[in-house]
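Chemist: Okay, handing you the structure first.
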Amino acid sequence: MSENNEQKDPSFSKLGISPAILTVLQKMKFSIPTPIQGEAIPVAILGQDLIGVAQTGTGKTLAFGIPMIQRLPALHGKGLVLLPTRELALQVEEHLRQFSGAFGMKTVALIGGQAISNQIFALKRKPNIIVATPGRLIDHLKRRTVRLDDVKVLVLDEADMMFDMGFAPQIEEVLASVPKLRQTMLFSATMPPAIIRLAAKHLRTPIHIEMAPSGTTAKLVDQEMYVVKKEDKFIQLTKILKTYQGSVLIFTRTKHGAANLTKSLLGIGQKAVEIHSNLSFGRRRLAMADFKSKKSRILVATDIAARGIDVSGIELVVNYNLPDNSEDYVHRIGRTGRAGLTGKAISFATPDQLKDIRSIERVINKTFNLTKFAELDKASSVFSSHSKSGHRVNFNRYKPASRFNNSRSVSHSSGSSAKPASRFGGSGSVSSFKGRSFNNSGYKGGGGARSSGFKSYSKSTGRRP
1 MSENNEQKDP SFSKLGISPA ILTVLQKMKF SIPTPIQGEA IPVAILGQDL IGVAQTGTGK
61 TLAFGIPMIQ RLPALHGKGL VLLPTRELAL QVEEHLRQFS GAFGMKTVAL IGGQAISNQI
121 FALKRKPNII VATPGRLIDH LKRRTVRLDD VKVLVLDEAD MMFDMGFAPQ IEEVLASVPK
181 LRQTMLFSAT MPPAIIRLAA KHLRTPIHIE MAPSGTTAKL VDQEMYVVKK EDKFIQLTKI
241 LKTYQGSVLI FTRTKHGAAN LTKSLLGIGQ KAVEIHSNLS FGRRRLAMAD FKSKKSRILV
301 ATDIAARGID VSGIELVVNY NLPDNSEDYV HRIGRTGRAG LTGKAISFAT PDQLKDIRSI
361 ERVINKTFNL TKFAELDKAS SVFSSHSKSG HRVNFNRYKP ASRFNNSRSV SHSSGSSAKP
421 ASRFGGSGSV SSFKGRSFNN SGYKGGGGAR SSGFKSYSKS TGRRP
């Protein structure tokens, strides 16, 4: 696909999808594909391997689900989807079940935290599509309760997350158990060296579809970085929560930090829930249900637990602690600014975290610029003078004006000036199931430049055309 190609018709009907599936899409109120769907579906329907670089919540489930459902009957085999967390696996299996059920296809989710006997019973019914986490799938392989020698379509979704969580050995074991003659689709928000090596080893001349450069953060997310002392973070957070009234996702570095922060928020009357590895799977699901239903507007999470989060309508992400891994910054703030809606990301950095900020800047290929802390507090005179000059934070000269008025802001805004969450969003024709977003807004197609190595399509998917 080249830049000289004529503009694509922005509808599913031009993507090579069968009339039967188009009818189901119409019944489910999907009319316009998202950019990743518009680029990936025609490639995948032809049976080609592909790499899709795109954020969570961009409609990837239909991007691989439609081709899988269309191709499997003629291939006389099964589809296998690997995901990093139980929550994501359940969401994807539910959506594929809702869609594939119209064609008499059966699905099953193989995840930890559920009775393996029930999964064995479901496997005996010969499902057409298996959605699994790597660990539980390996358990079934060792028990010989699952066969992978007839897998015709393999999907590695959220591949970078799976590697970050230490699943590389399990993924290699799964890849050794499936036929070499298969279609493989790999989706990832970033392309670290380990993922590139995996793709070079196991994918056959894949088409590389890059909806935004690896590590690129959402263009509809207004990003700000505030320098604040550790002991002053909570008071600044309370001011943020008074300013932004919508759904808020707060990230902490540790599970104990998440528990303590949630307790403090409840203590001041905020409706907050937490998810982290100290909680049982059932309690995490209950917390997520409360957050999705708006019963609790604040969710406090660690990085590992949050990798199972795929919730539409999150208006504000707060990095109460900067992530240990700078690439996790991309995953964190990617939870907002979806489906054409504006989002906000506010990060707290302590005065000794200059290197961490610089590391994040390198990953996202952007520089944070100093701005006023106007939304939350009156800026100090020192802070104001820096804001006018546009200089970066001078950590060596950092001095708080007072105990609760000592924050500095390093900001990157890719759109208009910051607005409270209550003014985000607006009315839009966006169709999605609860949980993992399929999205149906704003694709108009078009080509991109090829890059060396993999065959490549490149497209920026910030503001919808």
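Mapping to our numbering: the sequence shown position 393 is 393, numbers consecutive. Beta carbons: idealized from backbone N, C-alpha and C, even for Gly.
Counting only runs that start and end within the stretch 261-298, where is the beta strand (DSSP E) found for 3 or more residues in a row?
Modeler: Fully enclosed beta strand (DSSP E) runs of 3 or longer: 272-275.
Chemist: Do you know how far the Cα of residue 74 is from the Cα of residue 317?
Modeler: For the purposes of this step, residue 317 is taken as the residue at position 317 of the sequence shown. For the purposes of this step, residue 74 is taken as the residue at position 74 of the sequence shown. Cα to Cα, residue 317 sits roughly 44 Å from residue 74.
Chemist: With a threshold of 16 other CB atoms inside 10 Å of the CB of residue 37, please say whether the residue is buried or exposed.
Modeler: Locating residue 37 in the sequence shown gives position 37, where the first residue counts as 1. Flag for residue 37 reads buried.
Chemist: Check for me: the beta strand (DSSP E) holding residue 251 runs from which residue to which?
Modeler: Start at 1 with the first residue of the sequence shown, and residue 251 comes out as number 251. Run containing residue 251: 248-251, per the beta strand (DSSP E) assignment.
Chemist: Could you give the first and the last residue of the continuous beta strand (DSSP E) run that contains residue 225?
Modeler: For the purposes of this step, residue 225 is taken as the residue at position 225 of the sequence shown. Taken as a continuous stretch (DSSP letters only), the beta strand (DSSP E) holding residue 225 covers 221-227.
Chemist: By the three-class DSSP mapping on this structure, what secondary structure does residue 300 have?
Modeler: On the sequence shown, position 300 is the one that residue 300 refers to. It is a strand residue.
Chemist: Starting from the Cα of residue 50, find the closest Cα among 250, 299, 198 and give me that residue.
Modeler: As a first step, residue 50 is located in the sequence shown; it is residue number 50 there, counting from the start. Nearest option by C-alpha distance: 198.
Chemist: Quick one: is residue 12 buried, meaning 16 or more other Cβ sit within 10 Å of its Cβ, or exposed?
Modeler: By one-based count along the sequence shown, residue 12 stands at place 12. Answer is buried; the Cβ neighbour count reaches 16.
Chemist: In chain order, what residues of the same chain lie with their CB nearer than 6 Å to the CB of residue 311, ignoring the 5 residues before and after it?
Modeler: Along the sequence shown, one-based indexing puts residue 311 at 311. So the qualifying residues of the chain are 292.
Chemist: Closest to residue 271 by CA distance: which of 332, 137, 201, 249 is it?
Modeler: Taking the sequence shown and counting its residues from 1, the one referred to as residue 271 is at position 271. Among 332, 137, 201, 249, the Cα nearest to that of residue 271 belongs to 249.
Chemist: May I have a chain-ordered list of the beta strand (DSSP E) segments no shorter than 3 residues that lie completely inside the stretch 152-225?
Modeler: As far as the stretch 152-225 is concerned, its whole beta strand (DSSP E) runs of at least 3 residues are 183-188, 207-210.
Chemist: DSSP on residue 30, reduced to helix/strand/coil?
Modeler: Numbered from 1 along the sequence shown, position 30 holds the residue referred to as residue 30. Coil at residue 30, not helix or strand.
Chemist: Which same chain residues end up closer than 6 Å to residue 68 when comparing Cβ atoms and leaving out the 5 residues on each side of it in sequence?
Modeler: Translated into positions along the sequence shown, residue 68 becomes position 68. So the list reads 79, 153, once near-sequence residues are dropped.
Chemist: Hey, how far is the Cα of residue 430 from the Cα of residue 62?
Modeler: For this step, residue 430 is matched to residue 430 along the sequence shown. For this step, residue 62 is matched to residue 62 along the sequence shown. Bear in mind that a pLDDT of 30 at residue 430, under 50, signals an unreliable position, so the model cannot answer this.
Chemist: Examine the Cβ distances between the stretch 201-212 and the stretch 257-270 and report whether three or more of them are shorter than 8 Å.
Modeler: No, because fewer than three Cβ pairs between the stretch 201-212 and the stretch 257-270 fall closer than 8 Å, the two stretches do not touch.
Chemist: By alpha-carbon positions, which one of 234, 251, 103 ends up nearest to residue 267?
Modeler: As a working mapping, residue 267 is identified with position 267 in the sequence shown. Ranking 234, 251, 103 by Cα distance to residue 267 puts 234 first.
Chemist: To the nearest angstrom, how far is the alpha carbon of residue 164 from that of residue 330?
Modeler: In the sequence shown, residue 164 corresponds to position 164, counting from 1. In the sequence shown, residue 330 corresponds to position 330, counting from 1. The straight-line gap from Cα to Cα measures roughly 13 Å.
Chemist: Could you round the C-beta distance between residue 345 and residue 221 to whole angstroms and report it? I think they count as a contact, below 8 Å.
Modeler: Translated into positions along the sequence shown, residue 345 becomes position 345. Translated into positions along the sequence shown, residue 221 becomes position 221. With 8 Å as the limit, residue 345 and residue 221 qualify as a contact, their Cβ atoms being about 5 Å apart.
Chemist: Give me, in chain order, the residues of the same chain whose beta-carbon lies closer than 7 Å to that of residue 177; leave out the 5 immediate sequence neighbours on both sides.
Modeler: Along the sequence shown, read from residue 1 onward, the residue named residue 177 stands at position 177. Excluding sequence neighbours, residue 177 sits near 141, 148.
Chemist: Compute the Euclidean distance between the alpha carbons of residue 355 and residue 190, then round it to the nearest angstrom.
Modeler: Taking the first residue of the sequence shown as position 1, residue 355 is located at position 355. Taking the first residue of the sequence shown as position 1, residue 190 is located at position 190. Rounded to the nearest angstrom, the two C-alpha atoms are 21 Å apart.
Chemist: Relative to the C-alpha of residue 304, which candidate in 238, 47, 298, 84 has its C-alpha closest?
Modeler: The sequence position of residue 304 within the sequence shown is 304, counting from 1. Comparing Cα positions, the closest option is 84.
Chemist: Go ahead and label residue 230 buried or exposed: buried means 16 or more other beta carbons lie within 10 angstroms of its beta carbon, across all protein chains shown.
Modeler: The residue given as residue 230 occupies position 230 in the sequence shown. Under this definition residue 230 is an exposed residue.
Chemist: The alpha helix (DSSP H) with residue 141 in it runs from where to where?
Modeler: The residue you call residue 141 lines up with position 141 of the sequence shown. Run containing residue 141: 134-143, per the alpha helix (DSSP H) assignment.
Chemist: Which two residues bound the contiguous alpha helix (DSSP H) that contains residue 83?
Modeler: Mapped onto the sequence shown, residue 83 falls at position 83. No alpha helix (DSSP H) contains residue 83, which DSSP labels as neither H nor E.
Chemist: Leaving aside the five residues before and after residue 290 along the sequence, list all residues of the same chain whose C-beta is less than 6 Å from its C-beta, in chain order.
Modeler: As a first step, residue 290 must be located in the sequence shown, where it is residue number 290. 273, 296, listed in sequence order.
Chemist: Would you mind sorting residue 276 into buried or exposed? The rule is 16 or more other CB atoms within 10 Å of its CB.
Modeler: Walking along the sequence shown from the start, residue 276 turns up at place 276. Classification of residue 276: buried, given that the 10 Å Cβ count is 16 or more.
Chemist: With a threshold of 16 other CB atoms inside 10 Å of the CB of residue 194, please say whether the residue is buried or exposed.
Modeler: If you number the sequence shown from 1, residue 194 lands on position 194. The residue in question, residue 194, is exposed, as its Cβ has fewer than 16 Cβ neighbours within 10 Å.
Chemist: Under 6 Å Cβ to Cβ from residue 253, same chain only, skipping five residues before and after it: list those, please.
Modeler: Taking the first residue of the sequence shown as 1, we reach residue 253 at position 253. Only 321 meet the Cβ criterion.
Chemist: So with Cβ pairs under 7 Å, would you call residue 353 a contact of chain D?
Modeler: Here there is only one protein chain, and chain D is not present.
Chemist: Can you tell me which of 107, 161, 170 puts its alpha carbon nearest to the alpha carbon of residue 135?
Modeler: Stepping through the sequence shown from its first residue, residue 135 is reached at position 135. The candidate whose alpha carbon is nearest that of residue 135 is 170.
Chemist: Give every residue of the same chain whose Cβ lies closer than 6 Å to the Cβ of residue 55, excluding the five residues on either side of it in the sequence, and list them in chain order.
Modeler: Within the sequence shown, the letter at position 55 stands for residue 55. Closer than 6 Å at the Cβ level, and outside the excluded window around residue 55, lie 189, 334.
Chemist: With a CB to CB cut of under 7 Å and the five nearest residues on each side skipped, what residues in its chain are close to residue 19?
Modeler: To locate residue 19, count along the sequence shown from 1; it is residue 19. Result list for residue 19: empty, nothing under 7 Å.
Chemist: Keeping to the same chain, check which residues put their C-beta closer than 6 Å to that of residue 206; ignore five residues upstream and five downstream.
Modeler: As a working mapping, residue 206 is identified with position 206 in the sequence shown. These residues qualify, in order along the chain: 49, 50, 51, 454.
Chemist: If we ignore side chains and look at the alpha-carbon of each, how far apart do residue 351 and residue 258 end up?
Modeler: Within the sequence shown, residue 351 is the residue found at index 351, counting from 1. Within the sequence shown, residue 258 is the residue found at index 258, counting from 1. Each residue's alpha carbon lies about 22 Å from the other.
Chemist: Excluding sequence positions up to five away, which residues of its chain have a Cβ less than 6 Å from the Cβ of residue 105?
Modeler: Locating residue 105 in the sequence shown gives position 105, counting from the first residue. Hits under 6 Å: 128.
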